[in-house]
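Numbering (this note's numbering), first residue to last: 635 to 933. Heads up, the beta-carbon is just placed ideally off N, CA and C, and yes, glycines get one too. Bear in mind that the values here come from a model prediction, so they are computed numbers and not experimental data. Structure record follows, encoded as structure tokens.
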């Protein structure tokens with residue numbers, strides 16, 4: 635207990651100085667400092683295979699450009715995401731938009747106007763129909779063929795315009811895994827498509843596991859929890875776990891959920907073996923700060 639808490643000094647607007655100042659504070663501030671420093675070490679490690687897992691509607695929230703920049707900078711070679719982020723990326727790519735929901739607006743009114751609400755965001759449900767044309771062009775040549783989800787997402791990305799996350803991943807040869815893909819609007823589209831491939835969800839597991847097994851070191855930045863977090867951590871078991879692990883989460887440990895599970899719990903499951911940092915809070919705030927810190931220190 636030799637280190638004293640130091641009140642934050644707001645004299646500097648430099649992100650590195652701000653995050654460094656958090657190191658002598660309590661609460662989430664110090665957690666963010668530790669997470670930023672560990673993420674920086676991870677990205678600087680050229681012999682580390684780096685995973686980015688994204689739960690929830692991060693694209694709808696407004697984080698898509700930061701993910702694209704991260705891919706283009708080569709920070710992550712693999713993305714594991716919820717189906718929601720795939721869907722909202724497709725909606726954006728087809729001219730759809732997400733809107734701010736005003737406080738107090740009744741959900742019954744959104745329903746009447748055919749808008750769906752995601753927290754304090756709304757989306758025009760008609761925008762989902764715009765996605766169907768691209769899907770039809772991608773799915774028809776694959777009719778009856780057995781493919782994995784990541785292969786399907788790469789094929790979709792190839793048909794999307796610049797500015798799409800899937801397109802950026804296709805261009806940079808970054809594999810996108812979505813283990814909960816069928817539990818999304820895109821999964822529903824596939825049910826009703828007349829010409830479509832046979833989805834082999836299991837094939838993505840050995841695909842990622844082989845990549846992990848051949849890696850010298852493995853690191854993961856996990857935004858939120860859920861299936862993407864579990865898929866990222868579980869894929870490393872054959873290598874005794876992650877060498878670097880950073881998790882931004884609002885989950886709590888007392889309900890025994892995976893989203894709230896501390897990374898130290900992963901040590902017992904051989905999913906974590908190296909350094910780890912958990913940052914408790916909303917990734918819509920914390921990830922932009924972490925991203926800006928990395929950008930400032932990786933020039």
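Between residue 698 and residue 799, the gap from beta carbon to beta carbon is short of 9 angstroms.
Residue 856: member of the beta strand (DSSP E) spanning 851-857, first to last residue.
When C-beta atoms of the region 651-668 are compared with those of the region 819-830, fewer than three pairs fall below 8 angstroms, so the two segments do not count as touching. Our two residues, residue 785 and residue 640, have alpha carbons roughly 51 angstroms apart in a direct line. Within 10 angstroms of the beta-carbon of residue 815 lie 16 or more other beta-carbons, which makes it buried. For residue 861, the three-state secondary structure derived from DSSP is helix. As the crow flies, the alpha-carbon of residue 777 is around 42 angstroms from that of residue 740. Under the three-pair Cβ rule at 8 angstroms, the region 803-815 counts as touching the region 703-719. Between the region 918-931 and the region 859-874 there are fewer than three inter-stretch CB-CB distances shorter than 8 angstroms, so the stretches are not counted as touching. In the three-state scheme derived from DSSP, where H, G and I count as helix and E and B as strand, residue 836 is classed as helix.
Look at residue 669 here: in three-state DSSP terms it is helix. Under the 8 angstroms Cβ criterion, the region 886-894 does not count as touching the region 718-733, having fewer than three qualifying pairs. A residue is called buried when at least 16 other Cβ atoms come within 10 angstroms of its Cβ; residue 648 does not meet this threshold and is exposed. Within the region 692-748, the beta strand (DSSP E) runs of at least 3 residues that lie entirely inside it are, in chain order, 712-715 and 732-734.
The three-state secondary structure of residue 794, taken from DSSP, is coil. If you draw a straight line from the Cα of residue 736 to the Cα of residue 708, it is about 37 angstroms long.
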